[in-house]
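Visitor:
There are 2 protein chains.
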Amino acid sequence: MSDPFVVVGADAAGLSAASKFRREAPDREVVVFEKGQWISYAYCGMPYFIAGYVDRMSDLLSLSPSDVDERGIDLRRGSEVVGVDPDAKRVTVETADGNRTEQAYDDLLVATGARATTGPFDVRGLDGAFTLHDMDAAAAIDAYVADPDAYDPDRADVSAVDRERVERNRAMPAPESVAVVGGGYVGVEVAEALTERALSVHVFHRSGHLLSPFGETVGNRVEDALDAEGVTVHTDAPVDALVGDDRIEAVEVGGDDAETVPVDMAVVGVGIRPNTDLLDGTGVDLGPGGAIRVDDHGRTSLPDVYAAGDCATARHAVTGEPDWTPLGLTANRAGRAIGTTIAGDPTPVGDIAGTAAVKAFDTEAARVGILDRDAAVDAGFDPVSETVTAGSRSGYYPGAAETDVTLVADRDTGRLLGGSIAGTDRAAIRIDTLATAIEADMTVAEVERLDLAYAPPFSPVWDPVLVAAKVLNGTLDE
Amino acid sequence: MSDPFVVVGADAAGLSAASKFRREAPDREVVVFEKGQWISYAYCGMPYFIAGYVDRMSDLLSLSPSDVDERGIDLRRGSEVVGVDPDAKRVTVETADGNRTEQAYDDLLVATGARATTGPFDVRGLDGAFTLHDMDAAAAIDAYVADPDAYDPDRADVSAVDRERVERNRAMPAPESVAVVGGGYVGVEVAEALTERALSVHVFHRSGHLLSPFGETVGNRVEDALDAEGVTVHTDAPVDALVGDDRIEAVEVGGDDAETVPVDMAVVGVGIRPNTDLLDGTGVDLGPGGAIRVDDHGRTSLPDVYAAGDCATARHAVTGEPDWTPLGLTANRAGRAIGTTIAGDPTPVGDIAGTAAVKAFDTEAARVGILDRDAAVDAGFDPVSETVTAGSRSGYYPGAAETDVTLVADRDTGRLLGGSIAGTDRAAIRIDTLATAIEADMTVAEVERLDLAYAPPFSPVWDPVLVAAKVLNGTLDE
């Protein structure tokens, strides 16, 4: 117990682990290495900053470096861990000026997150083209879409910001139209955000409906919501190329309706992948999505090396198998559990249910578990699915809104496998009922008998979730 | 199988049972006796009708007599079942004109509901004094609070309405101030409703905080919400008498601050009790609250006699014991299950979790399970409780609102026993997560690890429910 607990990455998972460890083991040392300058920022808040719903970039930071320092955590920014020697229990750290040092550890947590993939596109080399996976990109986008004379430099009020990049984007003429490449949830959120900034917005999605992991009902409903606010949604529309010399001028779209759409901005959100380079050569086991495979306590296949957050797998509550669904709560929860475990109190990181929620203007959408038919079959289930549309409140109560609920169950056992919900009145939060039922291995018959709240302003006698369970149960009984 | 399925009472439980029975057993006969003229009305919607949120009384009816007829149900209104002979399997029916007939049954469902108790008060004999437990009372209140010249008779647009009573109340001068006697959820809803109708509203509650079954945190928060809209809430203020000769003139309040408060209207909501008179002398087992005791399929202690809805017990998910918590979903669900059972497919009525929700203007409140310390001890638990206040959304997202969550767990097992939630942003619907966890017998540690939805517009990384579970878990670990 002579060497410190070493954490690589100072965002949700890493700082949750370090903070919890220090609280539980105040006599022991923890060192956190962060290759960049940003720490503890709300990735999920960036679209809302760009939309203008959030005034200051600093609002998106949960902890400042001095907060971290006050917690007794030895935080070293600008320090990239470039190698791990699991036999010697030592990491190699490289600072921005090229200096290399070694740091021994008792336990190591890899919390290096993920990075945006750009597909075939050269986003970096083209003005007006962006990915949105860090705060510097958010600041740059915010400056780019502002009128050069109207930009408020106080928006990017954090010292870590890449000022030169902000200034360069600010100086360019404000764009009038944008191609959002990819209709996942970042794409949907950015489409809303840039509509709020008065751009003409096109969303291009490779497959037949937006938000592929949310299923077709939700995807179509969100498309309608975007369309109603003036966003042009192109489905079955893979973008083949970003066109332009210095600045973006158009996107080339393939598929059956191949076309070239002129734009003066592009935001590419086609996916992310886990940052695992520092473990190259260690022989660590990887899992789905190339993420670091961990057990139910967040342990990797290397001794005394843990992983958590967007770079790590998590066990799926339905399949019991490792899965990669990088989201904020998973990272925070796993970090906290691992900090507790390393401090001496073994604590499971918890399963994931694949719960996710997103909004498009006033339309809320959420999903949980296994919705995709092929995925369910691959996991050994015989999936049966029903979709209902039901009111969010008693029919006579003002504001009752049509709410779509899809439930998927296993034919043999009746077990609830997954669900989705879309609507405009308290729709997304209802997914938590299904997430809880899934984690409790409930059958659809058990869900149908749940004593959910009934009160006319919030729910009809039969909540939309119960209506869906009734209908799916009827189908299972046939 | 020669005699029909006989149902007593044509509201939620009775008509759910009859409808489901006819769908499942289309060749068999079902007769529904209803002593009054009203059927299938939304009791829970009456305060919102009085408030003016609902324009027409007919909006509160789910089914008309002709709808029921189309379902192949033999509905007989104005027919009171005054006796049951369980040995002969026969009921005695009395019509309004005093005629008595006998009706044989194969199976009998008692779904007679509950009626408002009035405590020591003579509500009937005093103009301007009301209870609110049927549609005629709602119509009368609506007419009474209207300016005589401005009353819209189309509001009470249902033929069953007691016109004479409406006209008599309409003719009286509109009241200026009201005493709402009882601060349960009907009291809270009526206080909001009559504030919307521009009355000066006083609420008198016997104990120290409103909404006793919701706990002190919720009660106080709802009191603040009423107070902010101009309602005067008197706690520890038992009303001893309604004062007045023909019309109410004041209420006499006891307790430490005894006073006489002049009012020209009173609405008494001090409780309800189950309607079981028709079973007097049959020796049927009664349970908590004097309700008809039933098993997990809704069977009473009498052969082939079932009971459901506000007149019957239901098994509590936490204690496993019979409980009496009359609410709309319980009635609908039990009726539906009993209809299925009698049609030949035995179906459990489902446990209740005591889930309830209410709003006071923009403040939402909900509760589930066992919150009361004494009740938990009586049920054999060692209750530990924590209350937290947490944000409903990410802190940087506009509209994040303080949400109070109380959780109660058993010290030995960590099992979640109950919870309450209050707040202004999607607060009440979050109770469904706790209801599901309680019905799944989850521990607080399992609740803490739930993969609930995180998205800045709907929930912070740690939903208020998860924050409360974390804190209570910490206490349980001590």
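Protein chains in written order, with the UniProt record's numbering: chain D, 1 to 478; chain P, 1 to 478.
Ideal Cβ placement from N, Cα and C applies to all residues, glycine included.
#1: Within 10 angstroms of its Cβ, does residue 260/D collect 16 or more other Cβ (buried), or is it exposed?
#2: Counting only beta-carbon atoms, is residue 44/P nearer than 7 Å to chain D?
#3: Any beta-carbon of chain P closer than 7 Å to the one on residue 197/D?
#4: Using the beta-carbon of each residue, which ones in chain D are nearer than 9 Å to residue 366/P?
#5: DSSP three-state call for residue 73/P: helix, strand or coil?
#6: With a cut-off of 8 Å, do at least 3 Cβ pairs link the region 32 to 49 of chain P to the region 389 to 405 of chain D?
#7: Nearest-angstrom Cα distance between residue 445/P and residue 229/D?
#8: Check whether the Cβ atoms of residue 215/D and residue 466/D sit closer than 7 Å, and answer yes or no.
#9: Quick check for students: name the residue ranges of the beta strand (DSSP E) that lie wholly in the region 20 to 57 of chain P, counting only runs of 3 or more.
#10: According to the neighbour-count rule (16 or more other Cβ atoms, all chains shown, within 10 Å of its Cβ), is residue 99/P buried or exposed?
#11: Any idea what DSSP makes of residue 478/P, helix, strand or coil?
#12: Residues of chain D with CB under 8 Å from residue 358/P, in chain order?
#13: Can you check which of these residues, 432/D, 427/D, 452/D, is closest to residue 439/P by C-alpha distance?
#14: Compute the Euclidean distance between the alpha carbons of residue 226/D and residue 208/D, then round it to the nearest angstrom.
#15: Taking any Cβ of chain D, which residues in the region 384 to 414 of chain P have a Cβ under 7 Å from it, in chain order?
#16: With 16 as the cutoff for other CB atoms within 10 Å, does residue 11/D come out buried or exposed?
#17: Would you call the region 82 to 96 of chain D and the region 232 to 239 of chain D in contact, with 3 or more CB pairs under 8 Å?
#18: Round the Cβ separation of residue 278/D and residue 82/D to the nearest angstrom and send it over; I've been treating them as touching at under 8 Å.
#19: Among 138/P, 136/P, 171/P, which has the Cα closest to the Cα of residue 151/P?
#20: Give me the chain D residues within the contact set of residue 48/P, using Cβ-Cβ distance strictly less than 7 Å, ordered along the chain.
#21: What does residue 332/P touch in chain C if you count any residue whose Cβ is under 8 Å from its own?
#22: Between the alpha carbons of residue 24/D and residue 405/P, how many angstroms are there, rounded?
#23: Check the DSSP bridge columns for residue 129/P and list the partner residues they point to.
#24: Measure the Cβ-Cβ separation of residue 110/D and residue 33/D and say whether it is below 7 Å.
#25: Verify whether the separation of the beta carbon atoms of residue 361/D and residue 196/D is less than 7 Å.
#26: Could you run through the region 50 to 72 of chain P and flag, in chain order, every residue whose CB is less than 8 Å away from some CB of chain D?
#27: With which residues is residue 177/D paired in a DSSP beta bridge?
#28: Following the continuous alpha helix (DSSP H) through residue 445/D, name the residue where it begins and the one where it ends.
#29: Name the chain P residues that come within less than 7 Å of residue 327/D, Cβ to Cβ?
#30: When you compare each of 459/D, 443/D, 460/D to residue 477/D by their alpha carbons, which one comes out closest?
#31: Check each residue of the region 427 to 449 of chain D: if its Cβ is closer than 7 Å to any Cβ of chain P, include it; give the result in chain order.
#32: Assign residue 517/D to one of three DSSP states: helix, strand, or coil.
#33: Taking the alpha-carbon positions, what's the residue 19/D to residue 5/D distance?
#34: Within 7 Å (strictly less), CB to CB, does residue 217/D reach chain P?
#35: From the beta carbon of residue 320/D, is the nearest beta carbon of chain P less than 7 Å away?
#36: Going along chain D, which residues have a C-beta under 8 Å from residue 351/P?
Guide: Let me lay it out:
#1: In the first sequence, residue 260/D corresponds to position 260, counting from 1. Burial call: exposed.
#2: Residue mapping note: residue 44/P aligns to position 44 of the second sequence, counting from 1. Chain D, which has a Cβ nearer than 7 Å to the Cβ of residue 44/P, makes this yes.
#3: Numbered from its first residue, the first sequence carries residue 197/D at position 197. No - not a single Cβ of chain P is within 7 Å of the one on residue 197/D.
#4: As a working mapping, residue 366/P is identified with position 366 in the second sequence. In chain order: 453, 455, 458.
#5: Translated into positions along the second sequence, residue 73/P becomes position 73. Looking at residue 73/P - three-state DSSP - the assignment turns out to be coil, as it is neither helix nor strand.
#6: The region 32 to 49 of chain P vs the region 389 to 405 of chain D: in contact.
#7: Working through the second sequence from its first residue, we reach residue 445/P at position 445. Working through the first sequence from its first residue, we reach residue 229/D at position 229. Roughly 43 Å between the two C-alpha positions.
#8: For this step, residue 215/D is matched to residue 215 along the first sequence. For this step, residue 466/D is matched to residue 466 along the first sequence. Contact: no.
#9: 30 to 33
#10: Here residue 99/P corresponds to residue number 99 of the second sequence, with the count starting at 1. Sixteen is the threshold: since fewer than 16 other Cβ atoms of the shown chains lie within 10 Å of the Cβ of residue 99/P, the residue is exposed.
#11: On the second sequence, position 478 is the one that residue 478/P refers to. The answer is coil: DSSP assigns residue 478/P none of H, G, I, E or B.
#12: By 1-based counting over the second sequence, the position of residue 358/P is 358. Here the neighbours are 455.
#13: Numbered from 1 along the second sequence, position 439 holds the residue referred to as residue 439/P. Of the candidates 432/D, 427/D, 452/D, the one whose C-alpha sits nearest the C-alpha of residue 439/P is 452/D.
#14: If you number the first sequence from 1, residue 226/D lands on position 226. If you number the first sequence from 1, residue 208/D lands on position 208. Their backbone Cα atoms lie some 16 Å apart in a straight line.
#15: 394, 396, 397, 398
#16: The sequence position of residue 11/D within the first sequence is 11, counting from 1. Buried is the call here.
#17: no
#18: Taking the first residue of the first sequence as position 1, residue 278/D is located at position 278. Taking the first residue of the first sequence as position 1, residue 82/D is located at position 82. Indeed, because the Cβ distance is near 6 Å, the residues count as touching under 8 Å.
#19: Here residue 151/P is taken as the residue at index 151 of the second sequence, counted from 1. Distances from the alpha-carbon of residue 151/P to those of 138/P, 136/P, 171/P put 171/P closest.
#20: Position 48 of the second sequence, counted from the first residue, corresponds to residue 48/P. Ordered by position in chain D, the residues that pass the 7 Å Cβ test against residue 48/P are 397, 456.
#21: As a matter of chain content, chain C is missing from the structure shown, whose protein chains are D and P.
#22: Here residue 24/D is taken as the residue at index 24 of the first sequence, counted from 1. Here residue 405/P is taken as the residue at index 405 of the second sequence, counted from 1. If you take the alpha carbons of residue 24/D and residue 405/P, they lie about 25 Å apart.
#23: Along the second sequence, one-based indexing puts residue 129/P at 129. Looking at the DSSP output, residue 129/P bridges to 266/P.
#24: By 1-based counting over the first sequence, the position of residue 110/D is 110. By 1-based counting over the first sequence, the position of residue 33/D is 33. No; because the gap between Cβ atoms is not below 7 Å, this pair is not in contact.
#25: For the purposes of this step, residue 361/D is taken as the residue at position 361 of the first sequence. For the purposes of this step, residue 196/D is taken as the residue at position 196 of the first sequence. In this structure, residue 196/D does not lie closer than 7 Å to residue 361/D by Cβ.
#26: Residues of the region 50 to 72 of chain P with a C-beta atom less than 8 Å from some C-beta of chain D are 53, 54, 59, 60, listed in chain order.
#27: In the first sequence, the residue the question calls residue 177/D occupies position 177. In the DSSP output, where bridge partners are listed per residue, residue 177/D has 200/D.
#28: As a first step, residue 445/D is located in the first sequence; it is residue number 445 there, counting from the start. 444 to 448 is the span of the alpha helix (DSSP H), which, as asked, contains residue 445/D.
#29: Mapped onto the first sequence, residue 327/D falls at position 327. Here the neighbours are 454.
#30: For the purposes of this step, residue 477/D is taken as the residue at position 477 of the first sequence. Closest option to residue 477/D, Cα to Cα, is 443/D.
#31: 428, 429, 430, 431, 432, 433, 435, 436, 437, 439, 440, 442, 449
#32: It is not possible to answer for residue 517/D, since the shown part of chain D is limited to 1 through 478.
#33: As a working mapping, residue 19/D is identified with position 19 in the first sequence. As a working mapping, residue 5/D is identified with position 5 in the first sequence. Between residue 19/D and residue 5/D, the alpha-carbon positions lie close to 12 Å from each other.
#34: In the first sequence, counting from the first residue as 1, residue 217/D sits at position 217. Not closer than 7 Å to any Cβ of chain P, the Cβ of residue 217/D fails to qualify, so no.
#35: Counting from 1 along the first sequence, the entry for residue 320/D is found at position 320. Cβ-Cβ to chain P under 7 Å: no for residue 320/D.
#36: As a working mapping, residue 351/P is identified with position 351 in the second sequence. Result: 449, 451.
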